[in-house]
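S.K.: Just passing along the structure, written as structure tokens.
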Amino acid sequence: GERSDWYRNIIAAGAVEIRTGAQRWRRPGHRVLDTGETVRLLDSYRARYPRTWRRLAPMIGFDPGAGDQAFRAAAGRVRALAFAPRGTAAG
Numbered sequence: 006g007e008r009s010d011w012y013r014n015i016i017a018a019g020a021v022e023i024r025t026g027a028q029r030w031r032r033p034g035h036r037v038l039d040t041g042e043t044v045r046l047l048d049s050y051r052a053r054y055p056r057t058w059r060r061l062a063p064m065i066g067f068d069p070g071a072g073d074q075a076f077r078a079a080a081g082r083v084r085a086l087a088f089a090p091r092g093t094a095a096g
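Going by the working numbering, the sequence shown opens with residue 6, and the numbers climb by one from there.
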């Protein structure tokens with residue numbers, strides 16, 4: 006949510022570093038995804054990786070067996086960020 010420390014820190018000062026696999030980005034650009042983008046992103050992930058979603062969902066506050074309406078309501082409360090190396094579009 007918007008009150009979590011990590012979210013407030015990134016909004017206030019940006020990320021210091023993002024690592025994913027072997028990639029490492031120092032001071033990446035970022036943007037906040039709007040509600041529609043967040044819902045589509047999570048819905049796409051849930052559809053592509055159903056087994057992983059069942060394990061991940063409870064960790065981020067979702068009922069992995071929720072129907073579409075409950076899922077969309079929960080996803081609408083999530084804040085998501087897109088990151089990209091400096092000088093490229095974030096998202």
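Positions of the beta carbon are idealized from the N, C-alpha and C atoms, including for glycine.
Check the C-beta distance from H35 over to I15 and give it rounded, since I have them as a contact under 8 angstroms.
M.R.: Contact check for H35 and I15: beta-carbon distance about 6 angstroms, within the 8 angstroms limit, so the pair qualifies.
S.K.: For the alpha helix (DSSP H) that contains R51, what are its first and last residues?
M.R.: Looking at the DSSP string, the run of the alpha helix (DSSP H) that includes R51 is 40-53.
S.K.: Considering only the beta carbon of each residue, do A78 and L38 sit closer than 9 angstroms?
M.R.: no
S.K.: Going by DSSP, which residues form a beta bridge with R32?
M.R.: DSSP output for R32 lists no bridge partner at all.
S.K.: Could you spell out the range, first to last residue, of the alpha helix (DSSP H) harbouring F76?
M.R.: Counting along the chain, the alpha helix (DSSP H) containing F76 begins and ends at 73-80.
S.K.: In chain order, what residues of the same chain lie with their CB nearer than 6 angstroms to the CB of A62, ignoring the 5 residues before and after it?
M.R.: Closer than 6 angstroms at the Cβ level, and outside the excluded window around A62, lie P69.
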